[in-house]
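Right, one structure below, let's go through it.
Numbering (full-length UniProt numbering), first residue to last: 1 to 110.
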């Protein structure tokens, strides 16, 4: 699935996968509730800060108002990516968590 299309529990699942990989925590096949990273700023903010993800808003005639996230910096014109990759979302948290999954797994997750 394209990271650009992940939302809700699917996006949260992939964020949790990255977090587990980064901390070597294994779920060991047990059914656990996946934290709602894409909806809860308290869960997302530490990731955003640690990974240096910046988020801005764009107003596009075709896409409408979208949040855009990348690893980079905030500039007077918006956000600037260090590696040329940008991730869009309907909300700032969705864009930031798509960015997090994307920088760890690439544009497609399986």
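Glycine included, C-beta positions come from ideal geometry on N, C-alpha and C.
This one's a predicted model, so the numbers in the text were calculated from it and none came from an experiment.
Which of helix, strand or coil DSSP assigns to residue 95: The three-state reading of DSSP puts residue 95 in helix, counting H, G and I together.
For residue 81, the three-state DSSP class (helix, strand or coil): Reduced to three states, the DSSP call for residue 81 is strand.
Residue 88 in three-state terms, based on DSSP: Correct three-state label for residue 88: strand.
Contacts around residue 48, its chain only, beta-carbon distance under 6 Å, and the 5 residues preceding and following it disregarded: If we look at residue 48 and ignore the five residues flanking it on each side, its Cβ neighbours are 96.
At least 3 beta-carbon pairs within less than 8 Å: the segment 81-97 vs the segment 54-72: Between the segment 81-97 and the segment 54-72 there are three or more inter-stretch CB-CB distances shorter than 8 Å, so the stretches are counted as touching.
Proximity winner among 105, 98, 4, relative to residue 38 (alpha-carbon distances): Ranking the options by Cα distance to residue 38, first place goes to 98.
Per-residue DSSP class, three states only, for residue 67: In the structure shown, residue 67 sits in a strand (DSSP, three-state: E or B).
Chain-order list of residues whose beta-carbon lies under 7 Å from that of residue 72 (same chain, five-residue window excluded): So the list reads 54, 79, 80, 81, 82, once near-sequence residues are dropped.
Residue 34 vs residue 104 beta-carbon contact at 7 Å: Cβ distance not < 7 Å, so residue 34 and residue 104 don't count as in contact.
Pick from 107, 109, 94, 101 that is closest to residue 41, judged by C-alpha positions: Ranking the options by Cα distance to residue 41, first place goes to 94.
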